[in-house]
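Here the protein sequences come in this chain order: B, G, H and C.
Sequential numbering from 0 applies to the first sequence in numbering that gives the first Met the number 0.
Sequential numbering from 0 applies to the second sequence in numbering that gives the first Met the number 0.
Sequential numbering from 0 applies to the third sequence in numbering that gives the first Met the number 0.
Sequential numbering from 0 applies to the fourth sequence in numbering that gives the first Met the number 0.
4 protein chains.
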Amino acid sequence: MVTASVMPAPHAPMELRTFDRPRLEPGAVLLRTLGSEVCGTDTHLQRGQLAGVPYPIIPGHVAVGRVEEIGGSDPVLDVSGAPVEIGQVVTYLDVYGTCGRCWFCTIAHASTRCPYRKVYGVTMSCADGLYGGWSEHVHLRPGVHIVPLPEGLDWRAFLAVGCGMPTALHAMTLGNVAFGDTVVVQGAGPVGLSAAALAQLRGAGQVVVVGGPDVRLDAARRFGADAVIDIASTTETERVEAIRDLTGGRGADVTVEATGVPSAVPEGMRLTRDAGRYVVVGQYTNAGDASLNPHLDLNQKHLDVQGCWGSDTGHVYRSVQVIARYARQFPWTELISAEYDLSQTQRALDDVAAQRTVKALIVP
Amino acid sequence: MVTASVMPAPHAPMELRTFDRPRLEPGAVLLRTLGSEVCGTDTHLQRGQLAGVPYPIIPGHVAVGRVEEIGGSDPVLDVSGAPVEIGQVVTYLDVYGTCGRCWFCTIAHASTRCPYRKVYGVTMSCADGLYGGWSEHVHLRPGVHIVPLPEGLDWRAFLAVGCGMPTALHAMTLGNVAFGDTVVVQGAGPVGLSAAALAQLRGAGQVVVVGGPDVRLDAARRFGADAVIDIASTTETERVEAIRDLTGGRGADVTVEATGVPSAVPEGMRLTRDAGRYVVVGQYTNAGDASLNPHLDLNQKHLDVQGCWGSDTGHVYRSVQVIARYARQFPWTELISAEYDLSQTQRALDDVAAQRTVKALIVP
Amino acid sequence: MVTASVMPAPHAPMELRTFDRPRLEPGAVLLRTLGSEVCGTDTHLQRGQLAGVPYPIIPGHVAVGRVEEIGGSDPVLDVSGAPVEIGQVVTYLDVYGTCGRCWFCTIAHASTRCPYRKVYGVTMSCADGLYGGWSEHVHLRPGVHIVPLPEGLDWRAFLAVGCGMPTALHAMTLGNVAFGDTVVVQGAGPVGLSAAALAQLRGAGQVVVVGGPDVRLDAARRFGADAVIDIASTTETERVEAIRDLTGGRGADVTVEATGVPSAVPEGMRLTRDAGRYVVVGQYTNAGDASLNPHLDLNQKHLDVQGCWGSDTGHVYRSVQVIARYARQFPWTELISAEYDLSQTQRALDDVAAQRTVKALIVP
Amino acid sequence: MVTASVMPAPHAPMELRTFDRPRLEPGAVLLRTLGSEVCGTDTHLQRGQLAGVPYPIIPGHVAVGRVEEIGGSDPVLDVSGAPVEIGQVVTYLDVYGTCGRCWFCTIAHASTRCPYRKVYGVTMSCADGLYGGWSEHVHLRPGVHIVPLPEGLDWRAFLAVGCGMPTALHAMTLGNVAFGDTVVVQGAGPVGLSAAALAQLRGAGQVVVVGGPDVRLDAARRFGADAVIDIASTTETERVEAIRDLTGGRGADVTVEATGVPSAVPEGMRLTRDAGRYVVVGQYTNAGDASLNPHLDLNQKHLDVQGCWGSDTGHVYRSVQVIARYARQFPWTELISAEYDLSQTQRALDDVAAQRTVKALIVP
């Protein structure tokens, strides 16, 4: 039998449930879970803020596990083309079933908008299988994109940023940072902190994190932010002024939004210089409208604003490489504030919702 | 003596004035004006809607003229490196004085945001010289970027779109249209009509113009629009529906805004498909705020929104090449609704403000 | 029974053979072939110049057919997401089996380099099925990307360029043509002629085709080339001179190679201006080495050279849209020099090899 | 009087000469030289390998100095828009006179191909002024783009890479490195070592330097190269194999050539993976031809090859920001092998030509 933590319905408390160990179809892989993480999405799920979620679900969209069983007799290949082996430590793209045949996949090359994709831990029901990381085992269906962790990479280091990092890496890639640019990151959660680290791995000349609370701003400083601005003790006008003071009066070359607060979007436009670039990645749920001035904030500013949705396998794969290669420079595991076992997932959710943590792990 | 039409101050009627013929400094060029145009900017100027305008001014930022005199004894070179010759028909970039040395010119390579640039017909006073096209002569100061009209190109064909075309060309370049894309243009004025033509010169699969009034929608059809949508008889919801019906339910691949109306901006986002591209070029003056939903309109949509300000010499040069090369395909001169002499400029402004024209020319 | 024309082995003459009508697996589609084409690749195949070809094969990688049967009871979707219907006229991407899971598919996003892809008419044996267009029927396996022809598009118009156009469209997309650019196309075969048309659908200011023989240069002129240069009666030096004369001494802004001749590559570099762009798409088989000067031809020239391999579904889909939308402007069917039935395929190959045709069709 | 080291003619030994202190025109700046560097270009100059050099010249195209005098009474602005002040430590773009008006400047936006540009220390004669860094003073003419060194940046740290870094930064920008990519650098001179550092500031997953001799490979390791390959003890085949071994059999994602040896170019193509990117920046002089296979090395490979010429002000400005921001990570000054005074410049040239140094400085 397999024990997992289940979110039965919106607004209902987490429950421990047991499931049969799955019988693997050819091409499937069963992981023994080493760890999974708690992210803001999980708190949104419990509040019922996402559409199309087939409760009950096993949360935990990002996880790391050890390969325990492989379905069928043919080798199962990871994304680098090597056969997956029993005992190997791997992660995987949480998005399953991107079709490769629809208009968005084939014509627009916008795979994160494929309508057939499902997400482990979010849009796959525990009635159908062990499709989430808050479980002793995770069932990787045939076709899941498996990414091996390099030897020498502590799986905790990966999980410390493994959820926010691919999102941040996608956003920072779209941000087109040039060497020496000033990069402003709005938000000091896991996506924002990953973005601050990645800005330095694009050769930014100056990295500023705007957010809170203190525990997160301290982490931002440890991860190399040249300056931090506390959102709680400043007004929008003061923040715009502060960024201009740091940039010869111009504003940020590149700004990345990772807050989830609608009013952050027009503010981010104003934090950015004329002819700069602004990537909006944090508006993951519908939290209402925002008002802006199309002439001043967009057109006269010659501003490029890029909405950024989801991640693909490349973002996860590249995250793994970056986390491993630059582990000496960035103390990833320091971001882990607390670890919880499967019986403590409700407390984990409460701590994350209250921003008492930087990163919380579930370790079955 | 030189006669010109002068805008003395905001809200004041146009006046005819006479000026001394200028003495040319070395490197300057005096044009005998063949024609200039009236654009929406000129009506904004008369209403005092632009900041930093040193009234009195001679309007007419785009003009075509015949070279009548060249200052100094050294050759003056056009942008292709050839010496300008007496009798030659030329146009020029209306933006004068882009410094080539400031941070925006040298580091950001965003020359349209150079703070030193001045604009013929807009930010140069007639107290200082013949710096606008509504005049018998135009004084091109040393360093003005001169673009020759190719032989065989009717100067009226150039002026029919010579003001809106470089702006549209800039916007359509930023639009990154792919072969076969559906392109929606919001606005059927000179910029919008130029954009509709240019969409076909990017190989668009379908071009839709959303605007009015009828005279302009008719012009849009003659310029190859596959469909037009009358803004006056439809709601935003109906327009979004109409575009979805034309695109398999997805929305436009690329949308270009050329209206000047703030609410057009969130609407344009909704007209565009997920992972599409939206260029905002028509918000030339501050006409107020607009409200949008950052989650639905931007982030989940993975939308790329590009503000587009001004034009540079390349946009004018390329416009000239395109207008000349595709003159058989597009009947540019049909866009000219009326021509006015220097004594009729107030009537021209009134006709343009009332949208009684597609394009109005001033012919001294 | 189904009749098809088979290429038994390299250097062997074509043969008519009959096959059982296939039993369709769920998701498969059987086409009644309307037409297929002969391309240079087919002559290379007969000469044994491609590696990894599982002879005997049914040639004809591009084809158009009418849907005659659909395997299974579930709908089969085309790339726009609509269900394929009996009687519908469709084409398809000849590349089958791009895996969507390997490193090239997921990390490099370079699907044309996926090692698992097979090509209808090239790398699929007739021992395994009706996998080529020179046959009364074509068996589309589950997962083949089906692209419907729009109503009103003559299938002959599509086939007139349906093989070369996606390749040219890929190349011209990589060419990043700017409005008004001078585009030089090396080669006047089907890829080159398609490229010359597409250059005009990118708003080129001038299109020059360098090639031969006369029948193809005539076609180039009818398709809008502003100038043609006969490769047979000129030297490389003269061609470089000729292009410089047409471009103010600078050279082409964008050059596209579509010849298959190695020495065309250094020549193409010299035909292109400093800081220009050169796309090499015609070197489909190994025809030997070429010598160039890295300092003069590449580094000092600040030249961008892009090799371009294969096409994906998007290229075929976009080609269909472009061919349909611009059929009034470009007389596609005029490119068809001759049609052959299944018993005449050897003659067709001979005519193509001798360049006696512009485009030859096989019409079963 | 001002003492400078002069290169009288090709193949002639260096000489000390004295010059009058220049009278500054308005907008000019006189620097007291703190240091200049010796680069490969200087050895090419002494061998007469560059065309159009107006000997006698004062070499030293990159230099740092303290502002000693400012011409005229108006402020002279640096590229950030701040007035230059007496006593300030600055560098400058060695390229003077980029016109901002020719076809390459205005239409192609390819300023490094502007035909009017002159280069301090290379194409400006000492008969005309103190236009090179191997001199007690450097005369910055009006319009020279001045870049201030940030407080806290040791000028030696800048000069340690100040010549190669802008070139490498230009190349690495064109290289479009993605997070986690494997980057191979051909050449371990100042450009190659700068490129290896910058690859890590683009988030490369693996950096490999191919070059020699040992002193330079040691420096490459200290600057973070994950692997080095000694060019002297390996064959091309072995090097291609070695890179494939490090990349799952694929080759480098991005390769940067910084060697000056023609045969390095086809080799670099082979070191790079299919659909990868190759930047050629080291072929600064004409050292002969190279032979490649257009089918295998370019077309089938879907390779993107970018020639990279010169640097602009942005590259220098961004280099300064990067050198200052990442000084803790990279021990720039360790690259300085030796310093020479103005009387020792011939020895400096000899040491550089013999590759006895990594970086040699001239300190007047």
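Just so you know, even glycine gets a beta-carbon here, dropped at the ideal spot from N, CA and C.
Asked	Found
Alpha carbon to alpha carbon, how far is Gly64(G) from Pro147(G)?	10 Å
Where in the segment 240 to 301 of chain C do unbroken runs of the alpha helix (DSSP H), each at least 4 residues long, occur, reported from the N-terminal end onward?	263 to 270
Touching or not, the segment 246 to 263 of chain G and the segment 170 to 178 of chain G, by the rule of three or more beta carbon pairs under 8 Å?	yes
Thinking C-beta only, is Gly202(B) closer than 7 Å to Ser79(C)?	no
Which complete alpha helix (DSSP H) runs does the segment 162 to 236 of chain G hold, if anything under 4 residues is left out?	163 to 173, 189 to 199 and 213 to 221
For Leu33(G), report the span of its beta strand (DSSP E) as first-last.	Val28 to Val37
So is Ser342(G) buried or exposed if we call it buried at 16+ other beta carbons inside 10 Å?	exposed
Quick one: is Val88(C) near chain H, going by C-beta distance under 7 Å?	no
Just mark Thr344(B) as buried or exposed, buried being the case when its beta carbon has 16 or more other beta carbons within 10 Å.	buried
Can you tell me whether Leu44(H) is helix, strand or coil according to DSSP?	helix
Taking Ser310(B) and Pro165(B) to be in contact with their CB atoms under 8 Å, please state how far apart those CB atoms are, rounded to whole angstroms.	4 Å
If you run the structure through DSSP and keep just helix, strand and coil, what is Arg65(C)?	strand
For Ser72(H), count the other beta carbons within 10 Å of its own beta carbon; 16 or more makes it buried, fewer makes it exposed. Which is it?	exposed
Tell me, to the nearest whole angstrom, how far the beta carbon of Ser196(H) is from that of Phe222(H); I am working on the premise that it is less than 8 Å.	Note on residue identity: the sequence assigns Ala, not Ser, to residue 196(H). Their Cβ separation, rounded to whole angstroms, is 5 Å, which keeps Ala196(H) and Phe222(H) in contact under 8 Å.
Report yes or no: do three or more beta-carbon pairs, one from the segment 286 to 293 of chain B and one from the segment 212 to 228 of chain B, lie closer than 8 Å?	no
Does the distance from the CB of Gly163(C) to the CB of Gly59(C) come in under 7 Å?	no
Can you list the residues of chain C that Arg112(H) reaches, using a CB-CB cut of under 8 Å?	Asp273, Ala274 and His301
Whole angstroms are fine: how far does the CA of Gly191(B) sit from the CA of Gly186(H)?	52 Å
Just curious, the beta strand (DSSP E) that Thr383(B) is in, first and last residue?	Nothing can be reported for residue 383(B), as the shown portion of chain B is limited to 0 through 363.
Determine the extent of the beta strand (DSSP E) in which Gly313(H) is found, giving its start and end residues.	Looking at the DSSP string, Gly313(H) is not in any beta strand (DSSP E); the run it does join, the alpha helix (DSSP H), is Thr312 to Arg324.
Please list, in chain order, the residues of the segment 284 to 301 of chain G that have any C-beta partner in chain B closer than 9 Å.	Thr284, Asn285, Ala286, Gly287, Asp288, Ala289, Ser290, Leu291, Asn292, Pro293, His294, Leu295, Asp296, Leu297, Asn298, Gln299, Lys300 and His301
When the distance is taken between beta carbons, is Arg140(H) closer than 7 Å to Ala27(H)?	yes
Locate the alpha helix (DSSP H) running through Val137(H), then write down its first and last residues.	Run containing Val137(H): none in the alpha helix (DSSP H); it sits in the beta strand (DSSP E), His136 to Leu139.
Could you confirm whether any beta carbon from chain B is found closer than 7 Å to the beta carbon of Val121(G)?	no
Asp229(H) to Leu33(G), Cα distance in whole Å?	42 Å
Closest by CA to Gln45(G), which one among Arg20(G), Leu302(G), Met6(G) and Val351(G)?	Met6(G)
Terminal residues of the continuous beta strand (DSSP E) containing Phe18(G)?	Glu14 to Phe18
I'd like the list of long-range same chain contacts for Arg68(C), defined as Cβ closer than 8 Å, with 5 residues on each side in sequence excluded.	The question names Arg, but residue 68(C) is Glu in the sequence shown. Excluding residues within five positions, the ones whose Cβ falls inside 8 Å are Leu23, Val28, Leu29 and Ile85.
Interface residues of chain B around Pro261(G) at Cβ under 7 Å?	Pro293
Contact check, His144(C) vs Arg100(G) under 8 Å by CB: the rounded distance?	6 Å
Compute the Euclidean distance between the alpha carbons of Gln282(C) and Asn298(H), then round it to the nearest angstrom.	6 Å
Apply the 10 Å Cβ neighbour rule to Tyr339(G) and answer buried if 16 or more other Cβ atoms are within range, or exposed otherwise.	buried
Roughly how many angstroms separate the alpha carbons of Ala226(B) and Gly306(C), rounded to a whole number?	38 Å
Decide if Arg155(G) is buried, meaning its Cβ has at least 16 other Cβ atoms within 10 Å, or exposed.	buried
Just the C-alpha distance for Ala159(B) and Leu360(B), rounded to the nearest angstrom, thanks.	8 Å
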